[in-house]
Structure formats: C-alpha cells, structure tokens
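The sequence shown maps to residues 15 to 308 in my numbering.
Just so it is clear, CB atoms sit at the ideal spot from N, CA and C, and this is done for glycine as well.
It should be emphasised that the depicted structure is a prediction, and the values quoted were computed from it without experimental measurement.
Here the structure comes first, spelled out in structure tokens, and everything after it is commentary.
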Amino acid sequence: MKYGINLPNFGPQIDPEGILAWARTAETAGFDNVLLSDHVVLTDDANRRSPAPFYECLATLSWLAAGTESIRLGSGVLIGSHRHPAHLAHATATIDRLSGGRLIVGIGVGWTAQAFDVLGVPFTRRGRLTDTTLETLIAAWTSETYDAPGSAGTHRVHNGPLPLQQPHPPLWIGGNGPAAIDRTNRLGTAWHPLHPTRGLCIAGVASLAPGREFVPRIYFLPTEKSVESPDRPLGYGTINQIRADIDFLSEIGAQTIVLDTDPGDQRLRRSTDHDLDLIRIAGESLGMSRVAIL
C-alpha cells in the first residue's frame with residue numbers, strides 16, 4: 015500500500031515554513047505523495063471551509079518541487095474550469111519536468127458558486143468545461159503541438175516542455191458522484207473520492223473501468239478509545255480501527271490511500287506541530303518504508 019497526505023495549504027495555522035515542514039516530514043516518514051487544495055479566488059462560501067490565507071496550489075507545488083527530493087507532489091484537487099486549459103497544461107507540464115516527474119494532477123468540477131461568478135465561469139456548465147480541460151491536458155501533454163480554438167478560429171499551439179512522465183502525469187478525478195466515476199472512466203487514470211462511505215467505495219469500485227485506479231482520501235484522526243458509531247467515517251478511530259479501514263480499502267482494490275488530518279471544522283484545527291506529529295505517527299503505525307521518528 016502507498017500512502018499520500020493532504021497538506022492544508024490554508025488558514026492562519028499555516029505559513030511557508032509549515033508547508034515545507036509538512037512536505038519534508040511526509041517525505042521522511044515514507045509517504046508516496048503530498049496533495050494541496052485549490053481555490054483561485056477565495057469567496058465567502060469557500061473561506062468558511064478553508065480560510066485565508068490560502069496559498070495558491072500550482073505556485074506552491076512548484077516551490078515544493080525544489081524543497082523536496084523524492085515525494086510525489088499533487089493537487090487534491092484543482093478546480094478544472096477556473097484556469098484556461100492551455101495555461102493549466104503548460105504550468106503542469108513545467109512542474110512535472112522541474113520536479114523530475116513527480117507531479118500528480120487531481121481535477122474536480124468545484125462547488126463554490128460565488129467563485130464561479132467572480133471568474134465569469136458558468137456554474138451550470140462546470141462539468142462540460144472540466145471535460146474540455148481534461149481533453150486539452152491530455153492533448154497538450156502527449157504531443158509537441160495541438161489545436162486550440164480561439165475567437166478568430168483554430169490555432170496550432172506549440173508545446174514545450176512536455177511532461178517527464180509518460181504518457182503523461184496521473185490524472186486523479188475528484189468527486190463522489192456517478193459523474194466523477196464516468197469522467198474517470200473516459201479521461202482519468204484514477205478515481206479520487208473525498209471521505210467516501212464504505213458503501214460508496216464498494217459501489218464506485220464496481221463501476222470503474224478496467225485499468226482505472228481507486229485512490230480514496232480518508233481521515234487520519236486517531237483516537238484513544240474505540241469509536242462505536244455505525245456511521246464512523248473511514249480513518250476516524252483507534253489505530254486498530256484505522257488499520258481495519260485500510261484493510262477494507264485494500265481488499266476492494268485501493269493501492270494508494272490519501273490520509274487527511276484536517277477535521278473539517280476550523281474550530282477543531284490543530285497547530286502545525288501537532289499535525290507533524292500525526293504524520294510521524296501515521297508513518298510508524300502504518301508501516302511505511304522510510305519511517306524516521308524525528
């Protein structure tokens with residue numbers, strides 16, 4: 015099993031030193047990847063969930079590429095329609111090349127209606143616009159030129175650098191509904207649901223096309239006492255309960271699991287030092303290969 019970690023690149027608890035410490039601690043502890051969240055503009059609806067300051071995803075990933083050595087770096091997930099597809103293709107190819115082929119590109123449709131309005135992107139068309147973005151990424155990542163539409167007609171775009179990973183960086187499709195699974199089957203390499211229930215995991219995996227990976231993001235919120243609620247989220251409970259959750263996910267096909275130490279309520283958010291301790295505990299308790307308790 016490979017493990018990723020969700021890095022909260024937002025909120026008053028985090029700063030540049032903390033972001034770098036997160037990535038380096040995860041790298042030392044044996045994590046395969048570290049993922050950052052995305053908001054191009056932080057409107058009120060998003061700020062309530064992920065408050066300012068919010069460090070821009072692509073710029074931060076590029077910076078982390080220079081500050082780490084082996085851990086893969088990714089987005090969990092980019093809002094697919096909030097950047098021009100050609101710009102996103104160029105930026106991600108550059109980061110993949112500069113990082114030595116360590117980029118994971120997670121893409122989702124987004125939910126912040128206010129941000130769509132600020133950016134002039136039709137909220138009701140976000141699914142189709144996300145598909146267009148994914149199609150452009152694949153075309154741009156896999157050819158030295160590709161055709162792009164403009165107001166005066168179609169133009170040939172010259173690429174470079176191309177991504178180092180072949181045929182292209184992994185495309186993890188975020189979302190918990192049927193549309194996300196369909197999008198994964200058509201355009202993605204993995205389905206990346208957020209805090210899925212056990213039932214959703216089973217049904218979703220059964221709907222994935224052959225060759226598509228299942229990469230769930232679950233909590234890593236260990237407790238001292240066993241959590242007996244029938245609605246206990248995956249990853250919340252004693253270490254033994256969390257191990258049992260991971261065994262369940264492995265049995266239904268997960269080969270990579272992303273852990274999330276963010277409780278989802280900013281009133282419960284802990285300090286960076288506490289989160290770094292959780293990263294080390296995860297590395298030790300889940301038997302990652304490069305564990306080093308600092």
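For R111, collect the residues of the same chain with a Cβ closer than 7 Å to its Cβ; drop the 5 residues on either side in sequence, then sort them by chain order. P175, P177 and L178
Buried or exposed for L75, going by 16 or more other Cβ atoms inside 10 Å? buried
Do you know whose CA, among D46, A60 and I33, lies nearest D279's CA? A60
Distance between C71 and N23 (C-alpha atoms, nearest Å): 8 Å
Distance, Cα to Cα, T168 vs R142? 19 Å
Express the C-alpha separation of A79 and P183 in angstroms, rounding to a whole number. 15 Å
Rounded to the nearest angstrom, what separates G122 and S299 at their Cα positions? Rounded to whole angstroms, G122 and S299 show a C-alpha spacing of 31 Å.
DSSP on P136, reduced to helix/strand/coil? It is coil, neither helix nor strand.
Could you tell me whether the segment 131-142 touches the segment 205-213, using the rule of 3 or more Cβ pairs below 8 Å? no
If we count Cβ pairs, one from each stretch, closer than 8 Å, do we get three or more for the segment 83-100 versus the segment 126-136? yes
DSSP-derived helix/strand/coil call for S264: helix
Output yes or no for whether 8 Å exceeds the beta carbon distance between V48 and L21. yes
DSSP three-state label for L21, please. strand
Which same chain residues, not among the five before or five after P66, have their C-beta less than 6 Å away from its C-beta? The residue asked about is misnamed: residue 66 is Ala in this sequence, not Pro. So the list reads L56, once near-sequence residues are dropped.
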